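Structure first, commentary second.
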DNA sequence: CTGAAAGCGCTTACAG
DNA sequence: CTGAAAGCGCTTACAG
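Laid out in structure tokens, this is it:
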């Protein structure tokens, strides 16, 4: 207050370091604060003369509208929560990059959350409510109660590569069931008759779909197969391989893995521990199409998920529901592309 | 206004779906709005009785304080911008998970930006200013001008694994120079005398440090070596390997790669295209300690970056500077751990 | 410990 | 096209 005596025809001297506000710009440009606001709103009616004055002043002060204040009044934060798990192995940086690019087209930003244990989800959701996000993209599991909370709060939610039977839930995914069938068909066409199937974790619906797709097709063909429990990791596949090699009376001709990482673990173990050649002695196939699947050491036959298409669909589905919350749920499933490598 | 006649002892009937505000809670609990606010502020003085009433009401209404409104008045968004590039290959999901965990301890959230081309940076920074982030963690390159802008706006900035000679810039990194020297020392101790060095991209200061570390140590030992230009990618290493094998009069005994991905590309190519054995015919070493470096097919001798320590340091350095902007810049460099695998 | 009031930096009818 | 004014949902002196 004492400082105001220095320049008594202004409210109070702003500290030098203060971020410029629309009032500062208005004063410098000699217009009202509302005029400044309009200049930063697309499609608002402002005369060219006013706009020029305002833009000049804004530039001078390094003014940028405060998105936080804007969000408070428009009730649109232009922020979307993205929830992933630590164990997402599907070309994570690439996916994030696409996600960022697609959301940017809508002027939307990503508030990122990584959940480990299921117990974290509660805390994460609390944070999400507090930040008034416009929507949620979840690449993690939700409980029914958590989904209900989103609905009650009117926050659109789209799942990425998660499977829910409930038809009122929106999700984008790859057709894991069909993908697995495609792989099996391919192996059958190569004359394979005895199979091993390395499953993913039991609590992953995606892993179960892949398993069912493979099993269904194998049974239909009357092929012989054994299932080995895994959990998507390299080590689990290595362990299953040791178990398989020591217990099987007759070697399988092909191993169908729940994902690429497991296929890699299987191949490495077959080669290093048992001196087998891939694909001469045994075929191995994966699922996902991660970068390493193309490395010459593996050159996996696998199902490549159409990452960019899936991300694009996720974003457009979410944005539609942010614009109009009455749009009913939708499930979109993309067929994966069978990539025939040298591993089978 | 017409609607107020319906229930004239309240302001206006809130729409059913409206998110509860502190006023709603206050009304239901029969206290003032300030009292509600205090109940959600740690360390504020509220009687147990008032707190109980408020919490009960808040629970009933599903009330959570609006972090956006809070940020507006406290000038603390509790949001930090994290800028990465599409090509970060260093255990990205793991790093993000640690980052998220460490920042959560401070009640801080991540606004994620992925930059591709340098041209994107301008747009990204504009967005960052608008969102009033409390600080920036950058795993991407900044121009001098961009760094100056952060400083002018008083936004703390910490670089992650980027090298700047300017001592007024805070950064956390791995000691790439020493790491590369360690690798060379190890190879020399195994009796190697002729080397190939696969460099990373020229515009990466980190890659240059690794290169200089290796070259310095090789020169000091009087060893013979050739440098092949690469760009951190698998394909660039594969190409360099073909070039090396067709041009070198005498095969090198060891290949020093700028990162693990290149070491893998090199090994795959030596094996697949030239039928060589690793390490019997040739040693190959990498840098980073990515997950794939431990796969049996490679079992790389490499420098493992202490991811968690580095993330922890980044977060604590940033938080310190958010609390007190007068703290001078700091550079922290962690020694990498030499992991001796079977590739050398 | 508690409540009334001002204000954070915007947007948006409203009247001119 | 333009400006004065109200209000988004909070926090925080201030007075009691």
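Chains as they are written, first to last, in UniProt numbering: chain A, 1 to 344; chain B, 1 to 344. Each residue gets a CB set at the ideal place from its N, CA and C atoms; glycine is no exception. Values in this document were obtained by computation on a predicted structure and should not be read as measured data.
Outcome for residue i when other beta-carbon atoms lying within 10 angstroms are tallied against a minimum of 16
i, result
"residue 127 (chain A)", "buried"
"residue 209 (chain B)", "buried"
"residue 241 (chain B)", "buried"
"residue 342 (chain A)", "exposed"
"residue 321 (chain B)", "buried"
"residue 252 (chain A)", "buried"
"residue 302 (chain A)", "buried"
"residue 132 (chain A)", "buried"
"residue 328 (chain B)", "exposed"
"residue 23 (chain B)", "exposed"
"residue 83 (chain A)", "buried"
Residue i - DSSP class collapsed to helix/strand/coil
i, result
"residue 333 (chain A)", "strand"
"residue 170 (chain A)", "strand"
"residue 176 (chain A)", "helix"
"residue 315 (chain A)", "helix"
"residue 343 (chain A)", "coil"
"residue 302 (chain A)", "strand"
"residue 124 (chain B)", "helix"
"residue 232 (chain A)", "coil"
"residue 163 (chain A)", "coil"
"residue 274 (chain B)", "helix"
"residue 79 (chain B)", "strand"
"residue 349 (chain A)", "Absent from the model: residue 349 (chain A). The displayed extent of chain A is 1 to 344, so no value can be given."
"residue 348 (chain A)", "The structure shown does not extend to residue 348 (chain A), since chain A spans only 1 to 344, so no value can be given for it."
Rounded separation between residue i and residue j - CA only
i, j, result
"residue 165 (chain A)", "residue 159 (chain A)", "12 angstroms"
"residue 295 (chain B)", "residue 46 (chain B)", "57 angstroms"
"residue 224 (chain A)", "residue 337 (chain A)", "26 angstroms"
"residue 289 (chain A)", "residue 89 (chain A)", "11 angstroms"
"residue 163 (chain A)", "residue 332 (chain A)", "11 angstroms"
"residue 147 (chain B)", "residue 137 (chain B)", "12 angstroms"
"residue 267 (chain A)", "residue 226 (chain A)", "17 angstroms"
"residue 215 (chain A)", "residue 96 (chain B)", "36 angstroms"
"residue 65 (chain A)", "residue 150 (chain A)", "29 angstroms"
"residue 201 (chain B)", "residue 87 (chain A)", "29 angstroms"
"residue 75 (chain B)", "residue 239 (chain B)", "52 angstroms"
Any C-beta of chain A under 9 angstroms from that of residue i
i, result
"residue 62 (chain B)", "yes"
"residue 106 (chain B)", "no"
"residue 147 (chain B)", "no"
"residue 326 (chain B)", "no"
"residue 87 (chain B)", "yes"
"residue 291 (chain B)", "yes"
"residue 44 (chain B)", "no"
"residue 314 (chain B)", "no"
"residue 72 (chain B)", "yes"
"residue 264 (chain B)", "yes"
"residue 275 (chain B)", "no"
Endpoints, alpha helix (DSSP H) assigned at residue i
i, result
"residue 194 (chain B)", "Counting along the chain, residue 194 (chain B) falls outside any alpha helix (DSSP H), though it belongs to the beta strand (DSSP E) covering 194-198."
"residue 159 (chain A)", "Residue 159 (chain A) -> not in any alpha helix (DSSP H); beta strand (DSSP E) instead, spanning 157-160."
"residue 28 (chain B)", "22-29"
"residue 278 (chain B)", "No alpha helix (DSSP H) contains residue 278 (chain B), which DSSP labels as neither H nor E."
"residue 88 (chain A)", "No alpha helix (DSSP H) contains residue 88 (chain A), which DSSP labels as neither H nor E."
"residue 218 (chain B)", "205-220"
"residue 294 (chain A)", "No alpha helix (DSSP H) contains residue 294 (chain A), which DSSP labels as neither H nor E."
"residue 147 (chain A)", "144-153"
Range covered by the beta strand (DSSP E) that runs through residue i
i, result
"residue 137 (chain B)", "135-138"
"residue 63 (chain B)", "Note, residue 63 (chain B): premise wrong, no beta strand (DSSP E); not H, not E."
"residue 98 (chain A)", "No beta strand (DSSP E) holds residue 98 (chain A); the alpha helix (DSSP H) holding it covers 92-104."
"residue 40 (chain A)", "That residue, residue 40 (chain A), is in no beta strand (DSSP E); it is neither H nor E in DSSP."
"residue 110 (chain B)", "109-115"
"residue 256 (chain A)", "254-257"
Any C-beta of chain B under 9 angstroms from that of residue i
i, result
"residue 343 (chain A)", "no"
"residue 339 (chain A)", "no"
"residue 132 (chain A)", "yes"
"residue 33 (chain A)", "no"
"residue 19 (chain A)", "yes"
"residue 65 (chain A)", "yes"
"residue 113 (chain A)", "yes"
"residue 269 (chain A)", "yes"
"residue 152 (chain A)", "yes"
"residue 296 (chain A)", "yes"
"residue 94 (chain A)", "yes"
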